[in-house]
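Using the numbering used here, you'd call the opening residue of the sequence shown number 18 and step up by one each time. The beta carbon of each residue, even a glycine, is placed where N, CA and C say it ideally should be.
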Amino acid sequence: MTTEFTCTSDFGKPAPDIHWFINNGRNETSGNIDITRSSSVVTTTMNLNSDDLNVTNSSSAITQNITTSTLTFTPSHLYQNMRLFCTGNNGGHSVTSKAEPMLNILCENSLFFK
């Protein structure tokens, strides 16, 4: 069964690259498995100017980007009790999502007889 997760960035310029990870709980960085390329990910960026943001600025118009990444993910029993999260980076420090749901994978048991 596939499941969708969405990660949305705050305003940023340039638009951030968003990556999806599963943490296997070993430690903070080496336990992270990048699943961005092995899953279906659709990323869209919306450009907003100062009029869209209801911001008054006496200088030139402000343009900001909001980036949304949607992960379509087919979990495996191997990911049981691991945490899913996304990160965004637009050239500075990476920002990690505040929500990190724990994966609870329910699988059917299969028995094979010969």
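In three-state DSSP terms, what is residue i?
| i | result |
| --- | --- |
| HIS94 | helix |
| PRO118 | coil |
| MET99 | coil |
| ASP27 | coil |
| ILE52 | coil |
| ASN41 | coil |
DSSP beta-bridge partners for residue i?
| i | result |
| --- | --- |
| LEU88 | PHE22, VAL58 |
| THR104 | HIS36, THR113 |
Can you say whether residue i is buried or exposed, counting buried as having 16 or more other CB atoms within 10 angstroms of its CB?
| i | result |
| --- | --- |
| GLY108 | exposed |
| ASN49 | buried |
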